[in-house]
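Numbers 809 to 978, taken from the working numbering, label the letters of the sequence shown in order.
Here a beta-carbon is modelled for each residue, glycine too, at the ideal position from N, C-alpha and C.
Every value quoted in this text rests on a predicted model; they were computed, and no experiment measured them.
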Amino acid sequence: RGWLLGRRRPLSLPCLAGRQRPAGAMAPKRRMRGKAALALEAPPPEKKPRTAPEEEEAAPPRSAPRSNPPVVVVDDAKPGEETAIVPLTRGKGRGLKAVQQSKELASTCSKLDGTTIEANQKIKEQKLFSAKNNAHVETKVMTRDNRKTTRKDGTVIVTSCTTMKKVSYM
């Protein structure tokens, strides 16, 4: 570490001229363009109307610092309806990604004694992962099973079963 003292690496980007990163550090994370910030929980406070003398009105307008959150106008495809203005803030997302999988199975079984079994099975599986480090958070499996058994003597047995299994890692 002593040989690094006094040496500075030249920065190639002018936007990073004032900032220094350690040698092994990664580039800063960037927000995806298509991902918008979520809405605020409380509306922003209302501003008081200002009564200014005529001298201030004649002065050119100054640009105020941007302390208000950005505002998004939600546009609906139907004309004639009102639009909503929603203030947004960053960092309110859950930071999770979901992987979903579904299967549908159908089978028919005929036995030697004349029994026929018709089975339909639907399986839906959802796995939740942390978006930053890909750690497994939760698994949810829903199984729906319908069976119809017809025996040689005419007896019909219908069995329906729904199973929900949820495993969470906190």
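Is methionine 834 helix, strand or coil when you go by DSSP?
Residue numbering aside, residue 834 sits at position 26 when the sequence shown is read from its first letter. In the three-state reduction of the DSSP assignment, methionine 834 falls in the coil class.
Work out the CA separation of glutamine 934 and aspartate 921 for me, nearest whole Å.
Counted from its first residue, the sequence shown places residue 921 at position 113. Counted from its first residue, the sequence shown places residue 934 at position 126. Taking C-alpha positions only, aspartate 921 is separated from glutamine 934 by approximately 40 Å.
Option nearest leucine 913 by Cα separation, candidates Ile965, Ala906, Lys948 and Asn954
In the sequence shown, residue 913 corresponds to position 105, counting from 1. Among Ile965, Ala906, Lys948 and Asn954, the Cα nearest to that of leucine 913 is on Asn954.
Considering only C-alpha positions, which residue in the set Glu854, Val975 and Ala927 is nearest to lysine 956?
Taking the first residue of the sequence shown as position 1, residue 956 is located at position 148. Comparing Cα-Cα distances from lysine 956 to each of Glu854, Val975 and Ala927, the minimum goes to Ala927.
Taking 8 Å as the cut-off, decide whether the C-beta atoms of serine 938 and valine 949 are in contact.
In the sequence shown, residue 938 corresponds to position 130, counting from 1. In the sequence shown, residue 949 corresponds to position 141, counting from 1. Going by beta carbons, serine 938 and valine 949 fall outside the 8 Å limit.
What does a CB cutoff of less than 6 Å around threonine 970 pick up in its chain, not counting 5 residues either side in sequence?
Position 162 of the sequence shown, counted from the start, is the residue given in the question as residue 970. Arg952, listed in sequence order.
On the DSSP letters alone, give me the boundaries of the beta strand (DSSP E) that lysine 856 sits inside.
Taking the first residue of the sequence shown as 1, we reach residue 856 at position 48. Unbroken run through lysine 856: none, as it is neither H nor E.
Only counting the same chain, and skipping five residues up and downstream in sequence, which positions put a Cβ closer than 8 Å to that of glycine 903?
Position 95 of the sequence shown, counted from the first residue, corresponds to residue 903. Result list for glycine 903: Ser938, Ala939 and Lys940, in chain order.
Which stretch, first to last residue, makes up the beta strand (DSSP E) that contains methionine 950?
As a first step, residue 950 is located in the sequence shown; it is residue number 142 there, counting from the start. Per DSSP, methionine 950 is one residue of the beta strand (DSSP E) stretching across 944–958.
Return helix, strand or coil for lysine 919, following the three-state DSSP convention.
Stepping through the sequence shown from its first residue, residue 919 is reached at position 111. Coil, per DSSP.
Between lysine 960 and the rest of its own chain, which residues show a CB-CB distance below 8 Å, the 5 nearest in sequence each way excluded?
Your numbering for residue 960 matches position 152 in the sequence shown. The residues are Asp921, Gly922 and Thr923.
What separation, rounded to the nearest whole angstrom, lies between the Cα atoms of valine 975 and threonine 947?
Taking the first residue of the sequence shown as position 1, residue 975 is located at position 167. Taking the first residue of the sequence shown as position 1, residue 947 is located at position 139. The alpha-carbon atoms of valine 975 and threonine 947 are separated by roughly 5 Å.
Flag this pair as yes or no: are the beta carbons of isoleucine 925 and lysine 911 separated by less than 8 Å?
Locating residue 925 in the sequence shown gives position 117, counting from the first residue. Locating residue 911 in the sequence shown gives position 103, counting from the first residue. The answer is no: Cβ separation not under 8 Å.
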